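For reference, the structure is listed below as C-alpha cells.
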Amino acid sequence: MIPSHFQTEFEKIMKRDYFSSEIHPVREKAFSRFMDMGLPTQKWEDWRFTNLSELKNKKYYISDIKDAPTKPINLEKYKMEGVDTVVFYNGHYQKDISSVPEGVRLLNGIEYFERNNKSMVCAEYSPFDFLNTALMDSGFCILVEPNTIVKKPIRVLFVSNGEKAVMTNPRIDIELGQSSSLTFVEHHVGEASSYFQNESVFVNLAPNVSLDHIRIQTNSSGTINIENLKVSQEKDSQYNFFQFTNGSRFGRTNLHCELKGEGAECFLNGLTLSDSKSQIDNHIITEHISQNCTSSQNFKAILKDRSSGVFSGRVVVRKDAQKTDAKQSSKNLLLSEKAVMNSNPQLEINADDVKCAHSSTSGELDQEAIFYLRSRGLDIQLSKQLLVRGFAMEKINLIKNKPIYDHILSLFESWVRS
Amino acid sequence: MMLTIKNLKCSIGEKEILQGINLDVRPGEVHAIMGRNGSGKSTLANVISGKETAEISSGTILYKGEDLFEKSTEQRALEGIFLSFQYPVAIPGVNITYFLKEAVNAKRRYLGQNELDAATFLQKIKEKLPLVDLDISFIKRAVNDGFSGGEKKRNEILQLLMLEPDLAILDETDSGLDIDALKIVSNGIKSYRSSEKSFVIITHYPRLLHYVKPDKVHILINGKIVKTGGPDLAELLEQKGYSWLES
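Top line first, the protein sequences correspond to chains A and B.
For the first sequence, the numbering used here begins at 1 and goes up steadily by one.
For the second sequence, the numbering used here begins at 1001 and goes up steadily by one.
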C-alpha cells in the first residue's frame, strides 16, 4: 500500500525539465514497480524490525526551487580540512561553492545522463531502489581516469534544512578506472525539522583500484535517511567502507557488494551512535562470486535511551568462489535498559574450500571494568565514558585520513559527553 | 595511623568471609597477609577499595583517621589508596597513555593541583617505565588487552608509580609470575617504598617477601588473623605450611 502523495509527487517530477524527457519511460517503469511492491511492512523478512509508520503517515514533497537557498549558506560547522567539497542543499546542486580535487571529473545532470547512454540503471532489491529511479532529482557521476591516484579526498555534502517535509532522491555513480585510487566522503548534515532522503549510490571498481568510502550521517532527529549502495568489484580491487552514524530519526543503509573479480577485497566497517528514539539499520550483503577474494563486515553500535538498531549481515559465497576468506562481526553496546538491538549475522556458503567466521555480541558495560577504572580515581560517569570510548575507538582508529579522523572523533566526543 | 581495621566482619550470601579482622598499618610499614585460597584475603582487599560484593555486618576501617565506608571507590583512590588487582581488567580501545593521563589528572584536580599537560605527563611516565623494565611502546597499547600475565602485573605497578598512593594494597601481585617477572615487579615495589608509604601485600607464597621484606606478617585462616609475627613467620610458613595453624 503506497500513500497517494507519492503519486502526486511523481506527477510533479514528470513535468519537470530536469534531465530530459527521454528518461520518462525509465521513471514510469520504476514508479509502476514501486507501486506494485508497496512500501515494506514488518511482514517482509528484511524489514521485520523496521517500523516505517512515519514514512507512511507523513506527506513528503519533492524539493522545488523554493527549497534552494536564497542567501549564501554558512557551512562553517561542517568544515573539513584538506578535502574538496561538492554541496547539495535540499537536493539542489550548489555549483558556486563546490569544487573537486585534481584527477576527478564530476558530471552533473544531463552530462551524467548522456554518459550513461541516456539510460539509467535501476537496482531491484527494494521499493526504495525503484523510488529513487522514479523520483531521481539530482544525479551525478564521479569519474577517475585509469592510473590516476587522487590525493585529495572528495566530499559530497548533503545539507537538509527547513520546516517543510522535503523528499530528495539523489543518485551518485562512482567509476574508477583501472589502477586508480580515491577517497570519497559522503557527508549528511542539516537541521531540517522533517526530511526524507532516499539515495542510491553505484560504485564500479575496475581492476586494481582502491576506493576508501567514508559515510558520515549526522542528520537532524527529524530526518529519514535511506541509502541504497551497490558496489561492483573487478579483479584485485579494494573497497574500504566506513560508516559513522549519529543522527536521523530513522537511518537505513542497504549495502550490497559483489566481488566479481579474483583477488578483490572488501572491508566494511560501521559505528553507530544512537539516542532518543532513533532507529539505525544496517543491511549488508557481501557476495563472493569469484575465487580468492577477501571480505569483512565489522559493525558496532552504541545505543542510548529508547533507540534501536538492526544489523543484518549476510555473506554469500557462490559455488565458484573457492578460497574465500570472509569475516563478519556485530558488536553492540546497550547503555539503557530500553535500548534494543537486533543482530542477525548470516553465512550462506555454496563452495567447499572457504574460510568464514561470524560473531555477534550485544551487552551492557562491563561492571568489573567500571570498578577497575573507579579504583584508579575516575568517577562513574568518566569510567563509563572511557569504556564507551574504548569500544568506539577500535573503529574510529581505522580512519587514516587525519582531518576526517579529527572530524569524526570530535563528533564522537561531543556525543559521548551529552 | 595509615590504616586501622577494627573487628571487621563481612559475608557474601550466607557465608561469613571475614570474621572479625583487626589490623593497624603505620606509615612506612609493609604488612603481608598470607593465607590459602578462600581464606578471605581478596575479600579484604576488595572491602578496603570499596567493591560492593561483600556485605559488611560490623566493624570499621579508618584510613588516615577517617571512616572509609563513607567514601566511594574513586574517592578512596583519589585520597591515596591503590589496589593492584589479582586479575587486572582489559579495556580494549583505550591506550595506557590516555587512561593513565585521565587518572593522574583526576587525582591532581581532586588535590587542587594543575593538570599535567601531554608533554609533562609523557616525561613523567618515561621516568617510571624503566623501573618496571618497560619501554615507551608499551604505553601505546590498550590497557591489559592481550597482555601476558607478567605484563599485566607490571602495568599495575606502573600505575602505582604514576598515581603515587599512600597506601598500596597488592592483591596476589606475585601470582602467575616467573622468577624474572617477580624480580622486576619486586624492584618496582621497592623503588616506591619509603617512610611515608604503606603496603599491604596479599599473597599465598613467601617468595615475593624474599624481595620485599615485610615489617609484619599476618596469617589469615577462615576469615580470621590467627597469627601475627615478623618476616620469620613467612619463612616458618614456607617450611611448615598452614596446617599447624589450623587447630
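No residue lacks a Cβ here, since even glycine has one placed at the ideal position from N, Cα and C.
Please read these numbers as outputs of a predicted model, since none were measured by experiment.
What alpha helix (DSSP H) runs, 4 residues minimum, are completely inside the stretch 1036-1098 of chain B?
1041-1049 and 1073-1078
Identify the contact partners of A/G270 in chain B, using a Cβ-Cβ distance below 7 angstroms as the criterion.
Neighbours of A/G270 on chain B: none; closest Cβ ~16 angstroms, over 7 angstroms.
Keeping to the same chain, check which residues put their C-beta closer than 8 angstroms to that of A/W415; ignore five residues upstream and five downstream.
N246, L273 and D275
Given this structure, state the Cα-to-Cα distance separating A/L268 from A/F242, to the nearest angstrom.
6 angstroms
How long is the line joining the alpha carbons of B/C1010 and B/K1183, rounded to whole angstroms?
35 angstroms
So if I threshold CB-CB distances at 8 angstroms, which residues from the stretch 360-372 of chain A count as touching chain B?
D366, E368, A369, F371 and Y372
A/F140 versus A/S336: straight-line alpha-carbon distance, rounded:
41 angstroms
With a threshold of 8 angstroms, are at least 3 pairs of Cβ atoms found where one atom belongs to the stretch 187-199 of chain A and the other to the stretch 153-162 of chain A?
yes
Is there a C-beta anywhere in chain A that falls below 8 angstroms from the one on B/S1049?
yes
With distances taken from CA atoms, which of B/W1244, B/I1033 and B/G1188 is nearest B/E1164?
B/G1188
Go ahead and label B/L1111 buried or exposed: buried means 16 or more other beta carbons lie within 10 angstroms of its beta carbon, across all protein chains shown.
exposed
For A/L335, which residues in chain B fall below 7 angstroms Cβ to Cβ?
Correct list: empty, because the minimum Cβ distance to chain B is about 16 angstroms.
Under 8 angstroms between beta-carbons, which chain B residues line up against A/L259? List them in chain order, please.
Going along chain B, no residue has its Cβ under 8 angstroms from A/L259, so there is no contact; the nearest lies around 29 angstroms.
In terms of residues, what are the limits of the alpha helix (DSSP H) holding A/S383?
I380 to I396
Simplified DSSP state of A/N282, which is helix, strand or coil
strand
Secondary structure at A/L39, three-state DSSP: helix, strand or coil?
coil
Taking DSSP's pairing of strands, which residues face B/G1229 in a bridge?
B/V1217
Can you list, in chain order, the stretches of the alpha helix (DSSP H) that have 4 or more residues and sit fully within the stretch 1004-1037 of chain B?
none
Within chain A, partners of B/V1200 - CB distance below 7 angstroms
Near B/V1200 there are no residues of chain A at all, since even the closest Cβ is about 15 angstroms away, more than 7 angstroms.
Following a CB-centred definition, is A/Q238 positioned closer than 7 angstroms to any heavy atom of the ligand MN?
Among the components of this structure there are no ligands whatsoever, and the ligand MN is therefore not found.
Assign A/R417 to one of two classes, buried (16 or more other C-beta atoms within 10 Å of its C-beta) or exposed (fewer than that).
exposed
Using a Cβ-Cβ cut-off of less than 9 angstroms, give me the residues of the stretch 1086-1104 of chain B that come near chain A, in sequence order.
Y1087, P1088, V1089, A1090, I1091, P1092, G1093, V1094, N1095, Y1098, F1099, L1100, E1102, A1103 and V1104
Once DSSP output is grouped into helix, strand and coil, what is the label at B/K1224?
strand
Within 8 angstroms, strictly: CB atoms of A/G162 and A/N90:
yes
Between A/E54, A/K79 and A/V87, which lies nearest to A/A439 when the distance is taken from Cα to Cα?
Nothing can be reported for residue 439 of chain A, as the shown portion of chain A is limited to 1 through 418.
Pull the bridge partners of A/M341 from the DSSP assignment, please.
A/G309
From the DSSP output, read off the bridge partner residues of A/Q238.
A/S210 and A/E265
B/L1248 touches chain A at which residues, Cβ-Cβ below 7 angstroms?
What is shown of chain B runs 1001 to 1247, which leaves residue 1248 of chain B out entirely.
Straight-line Cα distance separating B/V1217 from B/Y1242:
13 angstroms
Taking the beta carbon of A/R314 as the centre, do at least 16 other beta carbons fall within 10 Å, making it buried, or is it exposed?
buried
Taking the alpha-carbon of B/I1091 as reference, which of B/L1237, B/G1059 and B/A1142 has the nearest alpha-carbon?
B/A1142
Where does the unbroken alpha helix (DSSP H) through A/V189 begin, and where does it stop?
Unbroken run through A/V189 is the beta strand (DSSP E), S181 to V189; no alpha helix (DSSP H).
Could you please tell me which residues of the stretch 1151-1183 of chain B, in chain order, have their CB closer than 9 angstroms to any CB of chain A?
Q1159 and L1163
Find the residues of chain B that neighbour A/R417, judging by a C-beta separation of less than 9 angstroms, and give them in chain order.
In chain order: nothing, as chain B lies at least about 14 angstroms away.
Cutoff 6 angstroms; reference A/E364; Cβ partners in own chain excluding five residues on either side:
L334
Quick one: Cα of B/G1093 to Cα of A/N350, how far?
36 angstroms
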